[in-house]
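Visitor:
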Amino acid sequence: MSAEDLEKYETEMELQLYREYRDVVGLFSYVVETERRFYLTNSVQLEPRTTDGGEVWFEVRMSDAWVWDMYRPARFVKNVRVVTFKDVNVEELAKSELEPPPST
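In terms of this note's numbering, the sequence shown opens at residue 299 and continues consecutively.
(1) Name the two residues that bound the continuous alpha helix (DSSP H) containing Val-323.
(2) Would you kindly check if the distance between the Cβ of Phe-356 and the Cβ of Thr-423 is under 7 Å?
(3) Can you tell me the Cα-Cα spacing of Val-354 and Asp-303, whole angstroms?
(4) So the candidates are Met-299, Leu-313, Val-323, Arg-317; which of them puts its Cα closest to the Cα of Trp-364?
(5) Taking the straight line between their C-alpha atoms, what separation do you get for Val-342 and Thr-309?
(6) Can you give me the C-alpha to C-alpha distance between Val-381 and Arg-373, rounded to a whole angstrom?
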């Protein structure tokens with residue numbers, strides 16, 4: 299396989315992943331970004347922790363999640379636990395304006 303073939307394959311995989319993301323994003327309430335991964339989830343708990351030496355680290359727990367990773371055969375995950383010394387970004391997704399208003 300040539301470098302050009304490999305690049306074309308990876309580009310197609312990324313496009314396929316983006317299309318899957320676009321199809322599932324409306325099913326989730328939160329976006330969680332860590333140093334290594336991007337997640338969509340409906341439940342997230344972020345707990346800052348401190349080592350005995352005073353360093354801060356984070357424990358992130360998610361359930362009912364989707365992982366942005368083109369090399370994973372299954373991107374839907376029941377439970378995820380991430381431990382990191384790096385930044386963690388959690389955002390609540392806005393509900394689509396295309397949804398009908400609640401009935402009164």
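Backbone N, C-alpha and C define an ideal beta-carbon position, used for all residues, glycine too.
Because the structure is a prediction, the values reported are computed rather than measured.
Guide: Put simply:
(1) Neither: Val-323 is in no alpha helix (DSSP H) and is coded neither H nor E.
(2) Residue 423 is absent from the structure shown; the chain starts at 299 and stops at 402.
(3) A direct Cα-to-Cα measurement between Val-354 and Asp-303 gives close to 44 Å.
(4) Here the closest residue by C-alpha is Val-323.
(5) Looking at the two C-alpha atoms, the distance is approximately 31 Å.
(6) Straight-line Cα distance between these residues: approximately 19 Å.
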